[in-house]
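Input: a single structure, listed below in structure tokens.
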Amino acid sequence: MANSNRHLRIDNTKVPENYSHKNAFKFYVCSYWDARWVRIQDLFTLKNNDTVHLSWHELTYSDMNSYIKYWIDSDHDMVRIMKLYTEERIQPESLFDGIVVLKNPGIRGATYLVAANRTKQRKHQIMGVVWDDNRLRLYSWNKNEPIRFEENVYAESWAPEYEVLMVMNKKKELEGDLERIQNSLETNQDQNLVEKKNEISRELQNVSQKVAGYNLVFRDGVFSYE
């Protein structure tokens, strides 16, 4: 029955917890009331879906951290809207561990923004994560399209925030490169490595100055405009 144009909604029906099907998330819209059988690997199969809604599930914030990391490096768009029922308020430090995040407190209470890997040719390059009405909601947008939550449009686009995320990700990338070169220099004082280290250090200093100019605050594992 799997079809990229078809909607599938299964309500008030228990599903065996060991259930699995390769086509379970190949529908344009998937809504499962009993989603205890869903594993994070199932969500990795998403491709060009519109909406996924999971009510009774056992996915953790650690699982969703893995999902967001997978989304960042995916070669294709996965899903526009994902909604998961949870009574736990959003836990930024566990949900975004190892991920560069920008918190915008002005829309929907608080929206946590994540950018896709800039080397991936994707239509939707930015993700917004919010928690409200006992649901964790993950939205994916094109950085230049109007900011839409369900049917409501809130602002022109996330383009400015996307550019900030690109600079922040570049800073993290350069810091990693610098650390790797420094480790190599501890055992090999190659002149080319020394020159490369100096080059990266200069670039990192410039990027760090750009980040400082945004006047961001780092709290609970994320950067914020607050």
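For the sequence shown, the positions run 12 to 237 when this note's numbering is used. Ideal Cβ positions, reconstructed from N, Cα and C, are used throughout, including at glycine. Here the structure is a predicted model, which is why all the values come from computation and not from measurement.
Reference Tyr-43, options Asn-128, Tyr-123 and Val-63, closest by Cα: Translated into the one-based positions of the sequence shown, residue 43 becomes position 32. Selected option, being the one with the closest Cα: Val-63.
Buried versus exposed, by CB contacts within 10 Å (16 or more), Trp-67: For the purposes of this step, residue 67 is taken as residue 56 along the sequence shown, with counting starting at 1. Trp-67 is exposed by the Cβ-count criterion.
Which residue from Asn-115, His-18 and His-135 puts its Cα closest to that of Tyr-165? Numbered from its first residue, the sequence shown carries residue 165 at position 154. Nearest C-alpha to Tyr-165: Asn-115.
Does the separation of the CB atoms of Leu-113 and Val-205 fall below 9 Å? Counted from its first residue, the sequence shown places residue 113 at position 102. Counted from its first residue, the sequence shown places residue 205 at position 194. Contact: no.
Looking only at its own chain, which residues have a Cβ that is under 8 Å from the Cβ of Val-218, when we skip the five neighbours before and after it? Here residue 218 refers to the residue found at position 207 when the sequence shown is read from its first residue. The answer, listed in chain order, is Val-178, Lys-181, Lys-182 and Leu-185.
May I have the straight-line CA-CA distance separating Lys-88 from Lys-37, to the nearest angstrom? Within the sequence shown, numbered from 1, the residue matching residue 88 stands at position 77. Within the sequence shown, numbered from 1, the residue matching residue 37 stands at position 26. Before going on, a small fix: residue 88 reads as Asp here, not Lys. So the two alpha carbons sit approximately 13 Å from each other.
Based on the DSSP secondary-structure assignment, which residues constitute the bridge partners of Leu-19? For the purposes of this step, residue 19 is taken as residue 8 along the sequence shown, with counting starting at 1. Per DSSP, Cys-41.
Using a Cβ-Cβ cut-off of 6 Å (strictly less than) and excluding sequence neighbours within five positions of Met-93, which residues of its own chain qualify? Within the sequence shown, the letter at position 82 stands for residue 93. Same-chain partners within the cutoff: Val-63 and Leu-149.
Considering only the alpha carbon of each residue, which of Val-111, Lys-25, Lys-58 and Asn-59 lies closest to Asn-76? Within the sequence shown, numbered from 1, the residue matching residue 76 stands at position 65. Of Val-111, Lys-25, Lys-58 and Asn-59, the residue nearest in Cα terms is Val-111.
I'd like to confirm the pairing. Which residues does DSSP put opposite Arg-133 in its beta bridges? Position 122 of the sequence shown, counting from 1, holds the residue named residue 133. Paired residue(s): none; Arg-133 is not in a bridge.
Beta-carbon separation of Asp-61 and Tyr-39 under 9 Å? Here residue 61 is taken as the residue at index 50 of the sequence shown, counted from 1. Here residue 39 is taken as the residue at index 28 of the sequence shown, counted from 1. Contact flag set, yes.
For the beta strand (DSSP E) holding Val-125, just list the boundary residues, first then last. Within the sequence shown, numbered from 1, the residue matching residue 125 stands at position 114. That run of the beta strand (DSSP E) goes 122–126.
In angstroms, rounded to a whole number, what distance separates the CA positions of Glu-161 and Arg-133? To locate residue 161, count along the sequence shown from 1; it is residue 150. To locate residue 133, count along the sequence shown from 1; it is residue 122. So the alpha carbons of these two residues sit roughly 21 Å apart.
Close Cβ partners of Arg-213 (< 8 Å) along its chain, the five nearest in sequence each way excluded: Counted from its first residue, the sequence shown places residue 213 at position 202. There are no such residues.
Any beta carbon of chain D sitting closer than 9 Å to that of Ile-137? Here there is only one protein chain, and chain D is not present.
Residue span of the beta strand (DSSP E) that contains Ile-79, given as start and end: Within the sequence shown, the letter at position 68 stands for residue 79. Element bounds for Ile-79: not the beta strand (DSSP E) but the alpha helix (DSSP H), 72–84.
Does DSSP classify Asp-188 as helix, strand or coil? As a first step, residue 188 must be located in the sequence shown, where it is residue number 177. Helix, per DSSP.
Taking a contact to mean a Cβ-Cβ separation below 9 Å, would you say Pro-157 touches Glu-172 in this structure? If you number the sequence shown from 1, residue 157 lands on position 146. If you number the sequence shown from 1, residue 172 lands on position 161. Against a cut-off of 9 Å, the Cβ pair of Glu-172 and Pro-157 comes out as no contact.
Inter-residue CB distance, Gly-187 and Phe-107 (contact presumed, cutoff 8 Å): Residue numbering aside, residue 187 sits at position 176 when the sequence shown is read from its first letter. Residue numbering aside, residue 107 sits at position 96 when the sequence shown is read from its first letter. That pair is no contact at about 17 Å.
For Asn-135 versus Asn-153, is the C-beta distance shorter than 9 Å? One-based indexing of the sequence shown puts residue 135 at position 124. One-based indexing of the sequence shown puts residue 153 at position 142. According to the sequence provided, residue 135 is His. The question's Asn does not apply to it. Yes, Cβ-Cβ distance for His-135 and Asn-153 is below 9 Å.
Mind reading off the beta-carbon distance from Ala-170 to Asn-194? Whole number of angstroms is fine, and I expect it under 8 Å. Start at 1 with the first residue of the sequence shown, and residue 170 comes out as number 159. Start at 1 with the first residue of the sequence shown, and residue 194 comes out as number 183. At roughly 37 Å, the Cβ-Cβ gap does not stay under 8 Å, so Ala-170 and Asn-194 are not in contact.
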